[in-house]
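S.K.:
Residue numbers (my numbering): 2 to 275.
1. Using 9 Å as the threshold, is the C-beta distance between residue 213 and residue 198 below it?
2. Write down the C-beta distance between residue 178 and residue 58 rounded to the nearest angstrom, noting that I regard them as a contact closer than 8 Å.
3. May I have the straight-line CA-CA distance separating residue 12 from residue 265, to the nearest angstrom?
4. Could you name the residues of the same chain whose beta carbon sits closer than 6 Å to that of residue 164, not counting the 5 residues immediately before and after it, in chain order?
5. Just curious, the beta strand (DSSP E) that residue 65 is in, first and last residue?
6. For residue 1, I'd like the list of residues in its chain whose CB is within less than 7 Å of its CB, leaving aside the five on either flank, ordered along the chain.
7. Hey, how far is the Cα of residue 105 from the Cα of residue 169?
8. If you draw a straight line from the alpha carbon of residue 273 to that of residue 70, how long is it in whole angstroms?
9. Might you give, ordered along the chain, the residues of its own chain that have their beta carbon closer than 6 Å to the beta carbon of residue 23, omitting 5 neighbours on each side?
10. Is residue 211 helix, strand or coil by DSSP?
11. Of the choices 99, 211, 53, whose alpha-carbon is the least far from that of residue 134?
12. Alpha helix (DSSP H) containing residue 82: first to last residue?
13. Where does residue 75 fall in DSSP's three states?
14. Under 9 Å, do residue 137 and residue 90 count as touching if we go by C-beta distance?
15. Taking just the CA atoms, how far does residue 249 sit from residue 65?
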């Protein structure tokens, strides 16, 4: 489900590519140091965006440098890290647990169930530190499960449920920026859920799995205007935030990179099924 909120590297200058990779590597390092090596498997582009967004908004003091790691032992890589990175690392663990439970429920993937068990200790620590966000995630997961089990709700019901879950994660500090961060997180959450449903539509139909787009009776065709509307609402909230640092990079992700996974997935489906 995750991986939609990524940069379009082809449209970035070299310095911004380095900054993006440094944020990604910093998030990976934070996951490993805070929650152990296995937590690094929960690394996503989506939470790299959150790291950069919150760092631009709050401008915390940064730690940067170059280091080797187990994943890249032969060459050192630059990294950037701050308190927003650590927050995004904690939320990565929570989202990884959610994804594993979702995959287990949908496809009965034993590996996903095992990984969720391995992360249970890390999730316990995250929940103790961020009870508001984790409570919202747990209630959101329960609501999604009910919707998917019943299979009768409108297509946007599950999407808004996931949007409500994501908006809570975007609220790092409950301050004057909370309303706009909620709108941004909600719009992105709805987009991610529906874009993923569009890509998986034929697979879910074949397996008899839940897909919110089945209620449209016309499949994923014609969904793009709705996705553009959701991103338009999210982008409007984004533009109301006083962002200076990494603003161009963040716009690249929000206006261009976010379409890469959706467009690629839809093109592959079209080639498969004509």
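Backbone N, C-alpha and C define an ideal beta-carbon position, used for all residues, glycine too.
M.R.: This is what the structure holds:
1. yes
2. 6 Å
3. 17 Å
4. 187, 190, 191
5. 64-68
6. Look at the range of the chain in this structure, 2 to 275, and you will see that residue 1 is not part of it.
7. Low local confidence applies: a pLDDT of 47 at residue 105 is under 50, so the model's placement there is unreliable, and no value is given.
8. 39 Å
9. 79, 80, 81
10. coil
11. 99
12. No alpha helix (DSSP H) contains residue 82, which is instead part of the beta strand (DSSP E) from 78-82.
13. coil
14. no
15. 21 Å
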